[in-house]
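Following this note's numbering, the numbering of the sequence shown begins with 454 at its first residue and continues without gaps. Glycine residues also receive a C-beta, built at the ideal position from the N, C-alpha and C atoms. Notes follow once the structure below has been shown.
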Amino acid sequence: MKKILSLVMLALLTVGAWASEISITMNNVALTWTATGDDQTTTSQGITLLLAKGTSTTPTSQGLQSGHIRVYKGSSLTVSAASTITKIVVTATGGESYAADGFTVTEGSYADGTWTGSASSVTLTASGHQVRVSKIVITLDDGTVATPYFNPAEGTYYGPTDVSIHGQEGATVYYTLDGTDPTTSSAVYSAPITISQTTTVKAMAVLNGTNSAVATATYTIETAPTVANIAAYAALADNSNAAISNPVVVTYANGMNTYVKDATGFLCIYGSDLSGKYSQGDVIPAGFGGVKTTYNNGPEMKFPFFGFQDATETQAVEADEVTVANFGQSAMWRYVVLKNAQITYHNGKYLGFRVDNSTDSVAGYNQFNLTLPDLTATYDIYGIVTSYQGNIQMYPIEFIDTNPTTVGSIAELLALETGKNATFTTPVTAVYHSGKQLYIKDVNDDFMLVYGSLSNTYNNGDILNDIAGNWTIHNGLTEIIPVASTFGEATPGTPVEPELIPIEEIDQSMIHHYLRIENCSIDSVAGDSRNFTLTDETGDMIMRLNFSGVTIGDDFDFDATYNVEGFLAYYKSANGETEQLQFYPNLIEKVGGTVVVPGDVNGDGNVTAADVTCIYNYLLNGDESFIDTCDANGDGNITSADVTFIYNILLGN
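Next up, the structure:
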């Protein structure tokens, strides 16, 4: 039946390009937005996007980010075209709180991020909650081939810039760099083009003998002005471009925020392009730069970035001790610590910290979604100074118990009350690390999930000493919330082997255990892209794709037999109606085939920053050592998107 359908589709495609598919990444650099009051509009590839304030109390102009747009609750995103739109697929970022299911429509059908219908203009209203849109794909019934588009957009850049060309799926893209219009005899696009001098790029897509319109972009390459240090950079006018000519040290990095300092001041570097690139203590070499802006009265550097090199050295970072009395005199983005402090107030993300039982307090905001520790204990609270509506406050990044409890095993930690931090006096072994999820094994061979952002990435077998954290229950699963600063460099050890077990012998006592199930069939669940049925000769269970980069695509062979490795989990729905054991695979191995770990470019069995380096070496230096595996996201091209794919695995996005 599948073969018949494939032949029918092939016959339809050979008739002509009856519909075009346009993909737009929500990058405020690749897209040029124009403000009209609180509304924002942009046009890309013939598609007009209108980001309208609506009933939102927050101006929509604040919704433009470097990697997505924020459609606030009550606001809307309208997609318009000159021809008929038949389908829109929305990709959102930021988790369930900002997922695409927050949209509603007044015409057509919308479900699970996909709109279908027939209209030249479609309005998606964020009725349920804020939606953080990272990409939309629009299908047009226009009988044409979509015009290619460039990323980043044309403009002035400082230093060599990699330009990718995106054409309609299945089309061949031809391009020129000499200002002439491309033909089918021109160069075929296959990988990002490095533009080192002012150049006009032209591109044309061809699908089934039909040509698209020609897209044109001019990239002006200039030498960036330089400033001596952070203080000089902060003094620049907003929207200036400049490079800082001395090195800076990273005080804290989390997602899109990288906080740095030098002898003259503090700076926030904001943008998804640096996510995962640096950790606390990394020294960023001189010569980096970006667009200077001001955020809440503090200096900020935003995309487009240039000149960011890998850190070649690290140094210890000490927080400046502050008190309630002098906290209001602190500089924006300063890395500080409040000694002997308690959490005296919390309401959602809003916090209050009191020091040494004084009556005065410091305001805080849980920007990084930390799990709050035991509210009765006293802590050294580390954080970043920021402000809100002119009032100085702190983004906490760590709570260090001033009177720590010690435990010798996972069982001893779980014997404490929830939220109580404790330090392990015995080493633990890392088993698997994916984003915010780290599975460990202790000296008693007990397994546990550590959930939280950590500066280091760990491989199977790594030995960790003196780690600390507390335990909690989330969605029916017991997990450890780490004290991140205690998860330092690991000592390599012996990798942990999974326990070979048939499905019928799996029970709830094995939660978080590392298991291997052999000779299984995998079947899809109707309408579900993450849950599958895993069956061996003894029974079956739900297999859930929980780890970033572990995917089952459209070309997956459901008729084959597989060996799977992964971790046992327990799921309990919010209403308590569903309770079940689930298997989270970190490896799916076709029997008789090869093992593929998504994102593992260098083939060492783990996804780490070393895999990013392999892609960079190919893109920047032409190193073809790992060319067969550099296409981490499997889209057929080796681009910066493959780097982003690996970063998302490391960050758990």
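Coarse secondary structure for Tyr748, derived from DSSP in three states: Against the sequence shown, residue 748 aligns to sequence position 295. The answer is strand: DSSP assigns Tyr748 an E or B state.
Extent of the continuous alpha helix (DSSP H) run through Asn984: For the purposes of this step, residue 984 is taken as residue 531 along the sequence shown, with counting starting at 1. Unbroken run through Asn984 is the beta strand (DSSP E), 981–989; no alpha helix (DSSP H).
Per-residue DSSP class, three states only, for Val1060: Locating residue 1060 in the sequence shown gives position 607, counting from the first residue. Of the three classes helix, strand and coil, the one that applies to Val1060 here is coil, per DSSP.
Distance, Thr625 Cα to Ala666 Cα: Reading the sequence shown from its first residue, position 213 is the one you call residue 666. Reading the sequence shown from its first residue, position 172 is the one you call residue 625. Cα to Cα, Ala666 sits roughly 13 angstroms from Thr625.
First through last residue of the beta strand (DSSP E) which encompasses Asn800: What you label residue 800 is simply residue 347 of the sequence shown in a count that begins at 1. Segment 788–800, the beta strand (DSSP E) holding Asn800.
Chain-order list of residues whose beta-carbon lies under 6 angstroms from that of Glu1032 (same chain, five-residue window excluded): As a first step, residue 1032 is located in the sequence shown; it is residue number 579 there, counting from the start. Answer for Glu1032: Lys1025, listed in chain order.
Simplified DSSP state of Thr931, which is helix, strand or coil: As a working note, residue 931 is residue 478 in the sequence shown. Strand, per DSSP.
Residues near Leu503 in its chain [Cβ-Cβ closer than 6 angstroms; skip 5 each side]: For the purposes of this step, residue 503 is identified with residue 50 of the sequence shown, where counting begins at 1. Cβ within range, chain order: Thr494, Thr531.
Same chain, Cβ closer than 7 angstroms to Ser509, neighbours up to 5 away in sequence not counted: Translated into the one-based positions of the sequence shown, residue 509 becomes position 56. With a pLDDT of 47 at Ser509, under the threshold of 50, the modelled position of this residue cannot be trusted; read the value that follows with caution. Cβ neighbours of Ser509 beyond the five flanking positions: Tyr525, Lys526, Gly527, Ser528.
Beta-carbon proximity check, Gly734 vs Val713, cutoff 8 angstroms: In the sequence shown, the residue the question calls residue 734 occupies position 281. In the sequence shown, the residue the question calls residue 713 occupies position 260. No; because the gap between Cβ atoms is not below 8 angstroms, this pair is not in contact.
Between the CA atoms of Gly946 and Tyr911 - distance to the nearest angstrom: Position 458 of the sequence shown, counted from the start, is the residue given in the question as residue 911. Position 493 of the sequence shown, counted from the start, is the residue given in the question as residue 946. Rounded to whole angstroms, Tyr911 to Gly946 spans 11 angstroms at the Cα level.
Continuous beta strand (DSSP E) stretch holding Ala706: start and end: If you number the sequence shown from 1, residue 706 lands on position 253. Its beta strand (DSSP E) spans residues 701–707.
Every unbroken beta strand (DSSP E) within the segment 911–967, with a cutoff of 3 residues, ordered by chain: 921–927, 930–935
Assumed close pair Gly1052, Gly1002 - CB separation to whole angstroms, cut-off 8 angstroms: Residue numbering aside, residue 1052 sits at position 599 when the sequence shown is read from its first letter. Residue numbering aside, residue 1002 sits at position 549 when the sequence shown is read from its first letter. Correct: roughly 5 angstroms between the Cβ atoms.
The segment 856–876 contacting the segment 839–847, beta-carbon criterion three pairs below 8 angstroms: no
Residue environment, Ile1102, which counts as buried when at least 16 other CB atoms sit within 10 Å: What you label residue 1102 is simply residue 649 of the sequence shown in a count that begins at 1. Per the 10 Å Cβ criterion, buried.
Alpha carbon of Tyr848 to alpha carbon of Ala488, nearest angstrom: Position 395 of the sequence shown, counted from the first residue, corresponds to residue 848. Position 35 of the sequence shown, counted from the first residue, corresponds to residue 488. Going from the Cα of Tyr848 to the Cα of Ala488 covers about 31 angstroms.
Contacting residues, own chain, Cβ-Cβ under 7 angstroms from Ser459 (five flanking each side not counted): As a first step, residue 459 is located in the sequence shown; it is residue number 6 there, counting from the start. Confidence in Ser459 is poor, its pLDDT being 35 and thus under 50, which makes the residue's placement too unreliable to answer from.
Cα-Cα separation, Gln621 to Asn661: In the sequence shown, the residue the question calls residue 621 occupies position 168. In the sequence shown, the residue the question calls residue 661 occupies position 208. Cα to Cα, the separation comes out at about 12 angstroms.
Of the listed residues Tyr1037, Val881, Phe806, Ile591, nearest to Gly941 (C-alpha basis): For the purposes of this step, residue 941 is identified with residue 488 of the sequence shown, where counting begins at 1. Minimum Cα distance to Gly941 is reached at Val881.
Rounded straight-line distance, which links the Cα of Asp827 to that of Ala405: Residue 405 is absent from the model: the chain starts at 454 and stops at 1106.
Cβ neighbours of Ala553 in the same chain (closer than 8 angstroms, five flanking residues each side left out): On the sequence shown, position 100 is the one that residue 553 refers to. Cβ within range, chain order: Val543, Thr544, Ala545, Asp565, Gly566, Val584, Val586.
Touch test, the segment 741–751 against the segment 691–700, Cβ-Cβ under 8 angstroms, three pairs minimum: yes
Nearest neighbour of Ile477, chosen from Asp491, Gln498, Gly805, Trp486 [CA to CA]: As a first step, residue 477 must be located in the sequence shown, where it is residue number 24. The residue with the shortest Cα to Cα distance from Ile477 is Gln498.
Enclosing beta strand (DSSP E) for Val626 [first to last residue]: Against the sequence shown, residue 626 aligns to sequence position 173. Here the beta strand (DSSP E) through Val626 covers 625–629.
Beta-carbon gap between Ala695 and Tyr686 smaller than 8 angstroms: Start at 1 with the first residue of the sequence shown, and residue 695 comes out as number 242. Start at 1 with the first residue of the sequence shown, and residue 686 comes out as number 233. It is a contact, given that the beta carbons lie within the stated cut-off.
Residue nearest to Val949 in terms of C-alpha spacing, selected from His886, Thr557, Leu998, Glu774: Within the sequence shown, the letter at position 496 stands for residue 949. Nearest C-alpha to Val949: His886.
Distance CB(Thr717)-CB(Ala684) smaller than 8 angstroms: Your numbering for residue 717 matches position 264 in the sequence shown. Your numbering for residue 684 matches position 231 in the sequence shown. It is a contact, given that the beta carbons lie within the stated cut-off.
Whether Phe806 touches Ile834 by CB criterion (8 angstroms): Here residue 806 is taken as the residue at index 353 of the sequence shown, counted from 1. Here residue 834 is taken as the residue at index 381 of the sequence shown, counted from 1. Yes, these two residues count as a Cβ contact at 8 angstroms.
Beta-carbon proximity of Ile837 to Trp786, cut-off 8 angstroms: Start at 1 with the first residue of the sequence shown, and residue 837 comes out as number 384. Start at 1 with the first residue of the sequence shown, and residue 786 comes out as number 333. Contact flag set, yes.
Residues bridged to Leu998 (per DSSP): Position 545 of the sequence shown, counted from the start, is the residue given in the question as residue 998. Per DSSP, none; premise fails for Leu998.
Distance between beta carbons of Leu630 and Thr652, contact taken as under 8 angstroms: Your numbering for residue 652 matches position 199 in the sequence shown. Your numbering for residue 630 matches position 177 in the sequence shown. Their Cβ separation, rounded to whole angstroms, is 5 angstroms, which keeps Thr652 and Leu630 in contact under 8 angstroms.
Buried versus exposed call for Ser728 [16 or more other C-beta atoms within 10 Å across all chains shown]: Mapped onto the sequence shown, residue 728 falls at position 275. Ser728 comes out buried.
Minimum C-alpha distance to Val775 - residue among Ser814, Gln762, Tyr803: Here residue 775 is taken as the residue at index 322 of the sequence shown, counted from 1. Comparing Cα positions, the closest option is Ser814.
Nearest-angstrom beta carbon gap, Tyr563 and Thr614 [assumed within contact, 8 angstroms]: Your numbering for residue 614 matches position 161 in the sequence shown. Your numbering for residue 563 matches position 110 in the sequence shown. About 37 angstroms; that fails the 8 angstroms criterion.
Reduced DSSP category for Asp1095 - H, G, I as helix; E, B as strand; rest coil: What you label residue 1095 is simply residue 642 of the sequence shown in a count that begins at 1. Of the three classes helix, strand and coil, the one that applies to Asp1095 here is helix, per DSSP.
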